[in-house]
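Chemist:
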Amino acid sequence: MTFPPHLRWLFCVSWWCFISLAQAQNNTVQEDDALLDISFPVLTENKQLKSNWKFKQGDDPLWADRTFDDRNWKLINPQLWLDSLQRSQFGGIGWFRLHFKMDKTTLGKPFMLRVWQRGASEIYLDGKLVHSFGKVSQQTEQETKYNPFGYPIVINFEDDQPHVLAVRYSASNAWQLFDRYERFARTAGFRMYISQANTNLEKIINQFKITTFTETLFFGILIGLGALHLFLYIFYPAILANLYYSLYSLSIGITFYISYKHHKSHQVDWVIFYNWLDFVLTFVVVLLLLLMLYALFINKVARVYWVLVGLFVLNLVVMFHEMWSNVAAGAFYLLNLGEIIRLMHHSIKQKKKGALLIGSGVLLALFCSLLHALFANFLAFNLPIPTAISNLVLYISFLSISTVMSIFLSRSFAQTHYALEGRLREVEFLSAKAIAQEQEKQEILEAQNEKLEKLVALRTQEIEAQNEELAQQNDEIQAQRDAISHKSAQLADVLEHTRDSIVYAQRIQQAVLGEVADIQKVFPKAFIFYQPKDIVSGDFYWFESLRPKQAPNKEYKILVAADCTGHGVPGAFMTMLGIDFLDEIILGQEVFQPCDILQHLNKKLYTKLRNSQNQVNDGMDIGIVIWQPETRTLSFSGAKNDLWYIRNQTLLEIKGARTPVGGGQFSDEKAYQTHQLQVEPGDMFYLFSDGYQDQFGGAFEKKYMRKRLREFLLEIHPQPLATQQQLLADELNHWKDSQEQTDDVMVIGFQLL
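Going by this note's numbering, the sequence shown opens with residue -19, and the numbers climb by one from there.
#1: Give the list of continuous beta strand (DSSP E) stretches no shorter than 3 residues that lie fully inside the region 133 to 202.
#2: With distances taken between CB atoms, is the gap from K241 to Y254 smaller than 8 Å?
#3: For N279, does the count of other Cβ atoms within 10 angstroms reach 16, so buried, or fall short, so exposed?
#4: Here's the rule: buried if 16 or more other CB atoms are within 10 angstroms of the residue's CB, otherwise exposed. What is T555?
#5: Can you give the Cα-Cα distance for D576 and Y652, rounded to whole angstroms?
#6: Along the beta strand (DSSP E) that carries L524, what are the first and last residues, could you check?
#7: Name the two residues that bound the continuous alpha helix (DSSP H) containing F561.
#8: Less than 8 Å between the C-beta atoms of S380 and G334, yes or no?
#9: Give a yes or no on whether the C-beta atoms belonging to F129 and W96 are separated by under 8 Å.
#10: Would you kindly work out how many angstroms separate the C-alpha atoms of F164 and L707, rounded to a whole number?
#11: DSSP three-state label for W250, please.
#12: For S390, does the three-state DSSP call read helix, strand or coil?
#13: Can you name, in chain order, every residue of its own chain whose Cβ lies under 8 Å from the Cβ of I696, other than the five neighbours on each side?
#14: Suppose the cutoff is 6 Å on Cβ atoms and the five residues either side in sequence are ignored; what does the same chain contact list for T722 look like?
#15: For D497, does the three-state DSSP call read helix, strand or coil?
#16: Buried or exposed: which applies to P661, given that a residue is buried once 16 or more other Cβ atoms fall within 10 Å of its Cβ?
#17: Is the Cβ-Cβ distance between I634 and L693 less than 8 Å?
#18: Distance check for A311 and L276, CA to CA, integer angstroms please.
#19: What are the start and end residues of each continuous alpha helix (DSSP H) run of 4 or more residues lying completely inside the region 54 to 140, in chain order?
#20: Should V265 be labelled buried (16 or more other beta-carbon atoms within 10 Å of its own) or exposed?
#21: Could you check whether the region 167 to 177 touches the region 87 to 102, counting it as contact only if at least three pairs of C-beta atoms, one from each stretch, sit closer than 8 Å?
#22: Assuming the contact rule is C-beta atoms closer than 8 Å, D622 and Q731 should be a hit. Round their C-beta distance to whole Å, please.
#23: Does the count of Cβ pairs from the region 582 to 592 and the region 534 to 545 closer than 8 Å reach three?
#24: Assign W(-11) to buried or exposed, taking buried as 16 or more other Cβ atoms, counted over all protein chains shown, within 10 Å of its Cβ.
#25: Would you call the region 114 to 125 and the region 60 to 77 in contact, with 3 or more CB pairs under 8 Å?
#26: So what's A679 in DSSP terms, helix, strand or just coil?
#27: Using the Cα positions of W61 and D258, report the straight-line distance between them to the nearest angstrom.
#28: Taking contact to mean at least 3 C-beta pairs separated by less than 8 Å, is the region 152 to 171 in contact with the region 188 to 196?
#29: Are E162 and H325 closer than 8 Å when you measure CB to CB?
#30: Let me know the secondary structure DSSP gives V725 once reduced to three states.
#31: Are the CB atoms of V540 and I602 within a distance shorter than 8 Å?
#32: Is it the case that the region 130 to 139 contacts the region 42 to 62, given that we only count it when at least three CB pairs across the two stretches are under 8 Å?
#33: Whose C-alpha, out of F561, N26, S349, F388, is nearest the C-alpha of I184?
#34: Between S305, M385, D49, which has its C-alpha nearest G339's C-alpha?
#35: Return the Cβ separation of L105 and H79 in integer angstroms, given the expectation that the two are a contact with Cβ distance under 8 Å.
#36: Please return the same chain residues whose Cβ sits closer than 7 Å to the Cβ of W53, not counting the five positions on each side in sequence.
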């Protein structure tokens, strides 16, 4: 029996080394122009005709003639290894010719030719058509490929003159298949063997029967085992090893089916698919085996397994490139072999149940796989290793794991059965003992009942007395409850009145701040995202457009964003104070330098809040922008508040002073600085309080942070201003989700040109 080449990779990296050597085929053969001498004694066994073949591209029926002069034809390996063949040497159709002589004793004796091929052929002996396989054509749509898989052709030699074997051969799409599948379609030619029909025909038939029977038997056994353990897992999924063992058995069973189809499918191009599927299954079987061992002994998947999965994926990526595929496969099997040995050693050392038995089966499978790989390579080099022994070793490697698993599961089932029998006897004994104890308990209970009846009567009298006392206490509790309900109603009225006052205060604050439509009269391209934490806010904005009395030809457009200490009612009082002072400083005193405005505001807050009776350390973080349209100049000064602007897809920052306005200290020295900027078309500016960036939320309930806010503003700044405002609101709601709002939130965005 001959198995697909990739089955020999199972569990063995050493075989990879041998296969790499054995697959190093080429079209170079040691040939000469002398006649090939095929002597009669050799033909008692199969002899491969692989030397002295001559080839010429094209198609001419005269080339079948025995006397045709082919001395200028080129010698070639008829298997046509495309990976070492130039495209000009084979164009899809051509003729092969082989000159040979036979021993005189062969006259009158039947011989047979056996052919394996990847195309279509017509075989001529001394100019006469012997047999054809498929339909030969250079046009793919007219060609019919056919692989006879060694179907014997009986021939007779009519004279003892030199003979000519001519083969008209086509594989029209060979190069297209090679370009697509590479190593899986790297041969396009044929292999031909000759032997004596009387001694070998019966042997071939018997070998065919044995091969078919063996493949069918192993397929049936493994599919049956796989189905059995799959049902065991379905009805009792707690034992995960049953699932992996089922998939393992089913996968190996499929490889036997592939082997069967590989030798019975005459459709040549399907063989490529079978080889590919077999290649993939060899990796899958190993991964399933390792999963089964994990489930049996450590009940978890080791990290090295995911490395093996990665190597498996890598093998799928490079499988059409032979060299890289061999390297990746070698790494896969080497790592897998080491992991199996490590796992079995650990399990046996820890005296895991069944570890020694299953470990013996696994090691036997590994040993037999290595031995079979060695035999296969000996056969590849024509060393005398009986095929039956090689196949027997392979069968043992397949069945060893299945056998020990069956023994292990049978033994586990028997042990479970014996344990249940012991438990049943124990239950029977305990049941009899429980019945006797129950009878004794009944007698005790009857005596106790009589005693309890007397105690109950006495206790009833005590309870009646206690009930009277409890009734009095209930009356007292009811009176207290009524008083509490009255107080609660009063508190509810107070709360409602307080809330109404705060709501009214919110209306006053909004009226003082002004509507968004008002600010757009001064700054047409602007939006304000304003979301207080409570009803009233500690954040406020202030805007105005005016011309100084002393310089009426100049126009100043002023925008202020401030974050007062605290939020809610205390913060709202600070906003009213800040708005009042800004009206007095800017509108009354006509101060138009941002840093001077901050200095005046700082002094007024300090004076107002630090009187002799009460000392308040509250203040505010504030940023002031003054825009002069005539000169396109923007002036900015900030107290713990920065100005961001985006120019040419880059977010830039003008930092404010680190000193707030107000607070516990005051100095006449100028602590604030004015920054000036020439505005360019498309510049997008942002002023904001710290409420947005300090909001807690997200998957890890962390602050939003300035960095994330910078990235978000860069992302949305090309959008229309109204859309930016909505996107800021959506992002905040998504970030905080069910979290409570941390602080008042205000973001002002505007464009000047």
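We put the CB at the ideal spot given by N, CA and C, even for glycine.
Modeler: To lay it out plainly:
#1: The region 133 to 202 contains, as complete beta strand (DSSP E) runs of 3+ residues, the segments 143 to 150, 170 to 176 (chain order).
#2: Translated into positions along the sequence shown, residue 241 becomes position 261. Translated into positions along the sequence shown, residue 254 becomes position 274. Yes, Cβ-Cβ distance for K241 and Y254 is below 8 Å.
#3: Taking the sequence shown and counting its residues from 1, the one referred to as residue 279 is at position 299. Counting the other CB atoms within 10 Å of its CB gives N279 a total below 16, which places it among the exposed residues.
#4: Sequence index remark: in the sequence shown, residue 555 carries index 575 (1-based). Buried is the call here.
#5: On the sequence shown, position 596 is the one that residue 576 refers to. On the sequence shown, position 672 is the one that residue 652 refers to. Straight-line spacing of the CA atoms in D576 and Y652 works out to 8 Å.
#6: For this step, residue 524 is matched to residue 544 along the sequence shown. Residue 524 is actually Glu in this sequence, not Leu. For E524, the uninterrupted beta strand (DSSP E) run begins and ends at 519 to 526, by DSSP.
#7: Taking the sequence shown and counting its residues from 1, the one referred to as residue 561 is at position 581. It spans 548 to 562 - the alpha helix (DSSP H) in which F561 sits, taken as one unbroken run.
#8: Taking the first residue of the sequence shown as position 1, residue 380 is located at position 400. Taking the first residue of the sequence shown as position 1, residue 334 is located at position 354. Not a contact, by the Cβ cut-off of 8 Å.
#9: Here the question's residue 129 lines up with position 149 in the sequence shown. Here the question's residue 96 lines up with position 116 in the sequence shown. Against a cut-off of 8 Å, the Cβ pair of W96 and F129 comes out as a contact.
#10: Counting from one through the sequence shown, the residue named residue 164 turns up at place 184. Counting from one through the sequence shown, the residue named residue 707 turns up at place 727. F164 and L707 have their C-alpha atoms some 55 Å from each other.
#11: The residue given as residue 250 occupies position 270 in the sequence shown. Helix at W250.
#12: Against the sequence shown, residue 390 aligns to sequence position 410. Looking at S390 - three-state DSSP - the assignment turns out to be helix.
#13: If you number the sequence shown from 1, residue 696 lands on position 716. Cβ within range, chain order: T703, Q704, L707, L708.
#14: Locating residue 722 in the sequence shown gives position 742, where the first residue counts as 1. Once the five neighbours on either side are set aside, the close Cβ partners of T722 are D674, Q675, F676.
#15: Along the sequence shown, one-based indexing puts residue 497 at 517. Note that residue 497 corresponds to Ala in the displayed sequence, not to Asp. In the three-state reduction of the DSSP assignment, A497 falls in the helix class, which pools H, G and I.
#16: Taking the first residue of the sequence shown as position 1, residue 661 is located at position 681. The residue is exposed, with fewer than 16 neighbouring Cβ atoms inside 10 Å.
#17: Locating residue 634 in the sequence shown gives position 654, where the first residue counts as 1. Locating residue 693 in the sequence shown gives position 713, where the first residue counts as 1. L693 sits away from I634, with the two beta carbons spaced by 8 Å or more.
#18: To locate residue 276, count along the sequence shown from 1; it is residue 296. To locate residue 311, count along the sequence shown from 1; it is residue 331. Taking the straight line from one Cα to the other gives about 25 Å.
#19: Annotation: the region 54 to 140 contains no complete segment of the alpha helix (DSSP H) (minimum length 4 residues).
#20: Within the sequence shown, residue 265 is the residue found at index 285, counting from 1. Residue burial is scored here from C-beta neighbours: V265 has at least 16 other C-beta atoms within 10 angstroms and is therefore classed as buried.
#21: They touch, by the three-pair rule.
#22: Residue 622 sits at position 642 when you count from the first residue of the sequence shown. Residue 731 sits at position 751 when you count from the first residue of the sequence shown. Distance from D622 to Q731 at the Cβ level is roughly 18 Å; contact not present, criterion being Cβ atoms closer than 8 Å.
#23: The region 582 to 592 vs the region 534 to 545: no contact.
#24: Here residue -11 corresponds to residue number 9 of the sequence shown, with the count starting at 1. Reliability fails at W(-11), whose pLDDT of 39 lies under 50, so the model's placement of it is uncertain and the value that follows must be treated cautiously. With a threshold of 16 other beta carbon atoms within 10 Å, W(-11) meets it and is buried.
#25: Yes, the region 114 to 125 touches the region 60 to 77.
#26: Working through the sequence shown from its first residue, we reach residue 679 at position 699. The three-state reading of DSSP puts A679 in coil, since its state is none of H, G, I, E or B.
#27: The residue given as residue 61 occupies position 81 in the sequence shown. The residue given as residue 258 occupies position 278 in the sequence shown. So the two alpha carbons sit approximately 21 Å from each other.
#28: As far as the Cβ criterion goes, the region 152 to 171 does not touch the region 188 to 196, which means the pair count is below three.
#29: The residue given as residue 162 occupies position 182 in the sequence shown. The residue given as residue 325 occupies position 345 in the sequence shown. If you check the CB distance, E162 and H325 do not come in under 8 Å.
#30: Working through the sequence shown from its first residue, we reach residue 725 at position 745. Note: V725 maps to strand in three-state DSSP.
#31: Along the sequence shown, read from residue 1 onward, the residue named residue 602 stands at position 622. Along the sequence shown, read from residue 1 onward, the residue named residue 540 stands at position 560. A Cβ-Cβ contact shorter than 8 Å links I602 with V540.
#32: The region 42 to 62 makes no contact with the region 130 to 139, as fewer than three CB pairs between them are under 8 Å.
#33: Along the sequence shown, read from residue 1 onward, the residue named residue 184 stands at position 204. Per the C-alpha coordinates, the member of F561, N26, S349, F388 positioned closest to I184 is N26.
#34: The residue labelled residue 339 in the question sits at position 359 within the sequence shown. Looking at S305, M385, D49, the one whose alpha-carbon comes closest to that of G339 is M385.
#35: As a first step, residue 105 must be located in the sequence shown, where it is residue number 125. As a first step, residue 79 must be located in the sequence shown, where it is residue number 99. About 12 Å separates the CB atoms of L105 and H79; that is not less than 8 Å, and the two are not in contact.
#36: Counted from its first residue, the sequence shown places residue 53 at position 73. Around W53, the same chain offers K34, F35, K36, R77 as residues with beta carbons nearer than 7 Å, after the five sequence neighbours per side are excluded.
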